[in-house]
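Before any comments, here is the structure.
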Amino acid sequence: MKDLKVISPAKINLNLKILGRRNDGYHNIQTLFQILKFGDEMTFSIGSGNKITVDAGQEIENNIVLDAAKLLQEKTSSAIGCHIQINKKIPLGGGMGGGSSNAATTLLVLNHLWKINLSKTELLEMGRRLGADVPIFIIGESALAEGIGEKLRPIVTEKQWFLIINPHISISTHKIFSHPELTRNSLPSKISAILDGRSDNDCTKLVTKLYPEILEVLDWLKNHGKPKLTGTGACIFCSFKSSNEANWVLKDLPEKWSGFVTEGVSVSSVHETLDNLKIGASPSG
614 MKDLKVISPA KINLNLKILG RRNDGYHNIQ TLFQILKFGD EMTFSIGSGN
664 KITVDAGQEI ENNIVLDAAK LLQEKTSSAI GCHIQINKKI PLGGGMGGGS
714 SNAATTLLVL NHLWKINLSK TELLEMGRRL GADVPIFIIG ESALAEGIGE
764 KLRPIVTEKQ WFLIINPHIS ISTHKIFSHP ELTRNSLPSK ISAILDGRSD
814 NDCTKLVTKL YPEILEVLDW LKNHGKPKLT GTGACIFCSF KSSNEANWVL
864 KDLPEKWSGF VTEGVSVSSV HETLDNLKIG ASPSG
């Protein structure tokens with residue numbers, strides 16, 4: 614196989630508690646990452662040389678995809694190159710992990726296509742070098758993150774549908790986490806409280822103060838459920854028991870915003886695709 618097309622999944626944070634700031638400037642957090650069915654379309658084409666090229670149709674954060682491919686190439690001394698085509702669907706600066714997911718997907722897919730067969734532990738270590746949120750997409754399961762986000766524990770979440778609203782503004786994670794008014798003294802929540810929707814996002818108070826548009830979206834969605842900010846924003850989500858319920862709310866969305874409905878999944882579509890390829894390639898498959 615020379616080409617492989619996969620969905621690089623988005624994520625949302627079902628909660629985000631900031632427990633304190635460490636001496637090195639990083640923050641201790643607690644968050645539950647929910648993997649989504651929705652994501653960017655990525656196509657990997659293996660060429661004859663060792664050159665790596667990326668075409669995303671728009672700017673991606675510091676070309677983290679190119680960094681991921683080159684890191685894997687350098688670590689394994691691979692002489693194989695590739696062209697990576699990305700059809701971006703995950704909102705940039707939306708708190709949905711687009712760049713991190715693309716980087717993780719690149720490591721996972723090229724590990725397969727280049728027949729390198731690095732272990733998940735090795736890929737996780739490479740992922741940490743690329744960004745704090747990359748490891749969750751290497752694991753490819755909804756998971757509770759603790760520490761500075763490096764301690765990950767897979768959690769089976771209830772099947773639900775999400776309405777995601779994009780207010781079309783971009784919020785800098787660095788700006789929020791470096792702001793003096795950010796809440797930094799929370800206690801961790803119980804898993805049951807997170808799954809029941811009773812654990813909130815500590816960034817919300819500051820983000821709504823700095824970006825009134827976010828408060829406007831939250832106020833509008835409160836008529837239909839309990840909306841939350843994902844990450845530091847700018848996207849806001851609300852959970853529903855069915856796609857029909859979520860789409861019913863979506864049809865009334867004000868035109869100045871955009872939105873979509875997607876399903877929460879326990880396992881990333883990238884992992885499902887790669888697992889199916891392995892099964893198909895096995896002697897019994």
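Residue 898, in the working numbering, is where the sequence shown stops; the numbers in between run on with no holes. By construction, the Cβ of each residue, glycine as well, lies at the ideal position given by its N, Cα and C atoms.
Query raised in the report: Near S783, which residues of its chain fall below 7 Å by C-beta distance, leaving aside the five closest residues on each side in sequence?
Result: L705, G706, A847
Query raised in the report: How would you label S714, buried or exposed, when you count the other beta carbons within 10 angstroms and need 16 or more for buried?
Result: buried
Query - Stretch-stretch touch, CB-based, cutoff 8 Å, three pairs: the segment 645-654 with the segment 751-759 - result: yes
Query raised in the report: DSSP on W833, reduced to helix/strand/coil?
Result: helix
Query - Residue closest to I625, alpha-carbon to alpha-carbon, out of L617, D637, M709 - result: M709
Report task. Give the single residue among A717, V880, D815, S658 whose Cα lies nearest to the Cα of A745. Result -> A717
**Report entry** Runs of beta strand (DSSP E) lying entirely within the segment 739-826, each at least 3 residues, in chain order
**Finding:** 756-759, 764-767, 774-779
**Report entry** Bridge partners - G844, DSSP secondary structure assignment
**Finding:** Answer is none; G844 lacks a bridge partner.
**Report entry** DSSP beta-bridge partners of R634
**Finding:** H640
Report task. Assuming T770 contacts G877 (C-beta within less than 8 Å), just tell me the rounded distance between them. Result -> 6 Å
**Report entry** Inter-residue Cα distance where the pair is G694 and R811
**Finding:** 47 Å
Query raised in the report: Does the segment 730-748 touch the segment 815-823, meaning 3 or more C-beta pairs lie closer than 8 Å?
Result: no
Report task. Return helix, strand or coil for A717, following the three-state DSSP convention. Result -> helix
Query raised in the report: From what residue to what residue does the alpha helix (DSSP H) around D865 run?
Result: That residue, D865, is in no alpha helix (DSSP H); it is neither H nor E in DSSP.
Requested in this report: Check whether the segment 678-695 touches the segment 654-666, taking contact to mean three or more Cβ pairs, one atom from each stretch, closer than 8 Å.
Outcome: yes
Requested in this report: Just the C-alpha distance for I807 and K630, rounded to the nearest angstrom, thanks.
Outcome: 10 Å
Requested in this report: Taking only runs that begin and end inside the segment 657-698, name each unbroken alpha helix (DSSP H) of 4 or more residues, in chain order.
Outcome: 677-689
Query raised in the report: What span of residues does the beta strand (DSSP E) with G872 cover, start to end?
Result: 871-878
Query raised in the report: Between S557 and S791, what straight-line distance do the alpha-carbon atoms span, to the nearest angstrom?
Result: The first residue shown for the chain is 614 and the last is 898, placing residue 557 beyond what the model contains.
Query raised in the report: Closest by CA to T796, which one among I642, V619, L627?
Result: I642
Query raised in the report: Candidates K733, N779, L627: which alpha carbon is nearest E829's?
Result: N779
Report task. Return the CA-CA distance between V678 and D653, expressed in angstroms with no decimal places. Result -> 13 Å
Query raised in the report: Relative to the alpha-carbon of D832, which residue among L866, A682, H640 has its alpha-carbon at the smallest distance?
Result: L866
Requested in this report: Going by CA-CA distance only, name the one from V874, I699, L737, N636 that's closest to D668.
Outcome: I699
Query raised in the report: Based on the DSSP output, what are the partners of V619 in its beta bridges?
Result: M655
**Report entry** As assigned by DSSP and simplified to three states, the class of I892
**Finding:** helix
Requested in this report: Tell me, please, which residues DSSP counts as bridged to K624.
Outcome: I648
Query raised in the report: Ordered along the chain, which non-local residues of its own chain (more than five positions away) have a Cβ less than 8 Å from that of K871?
Result: Inspection of the sequence shows that residue 871 is occupied by Ser rather than by Lys. Excluding positions up to five away in sequence, the list reads I778, N779, H781.
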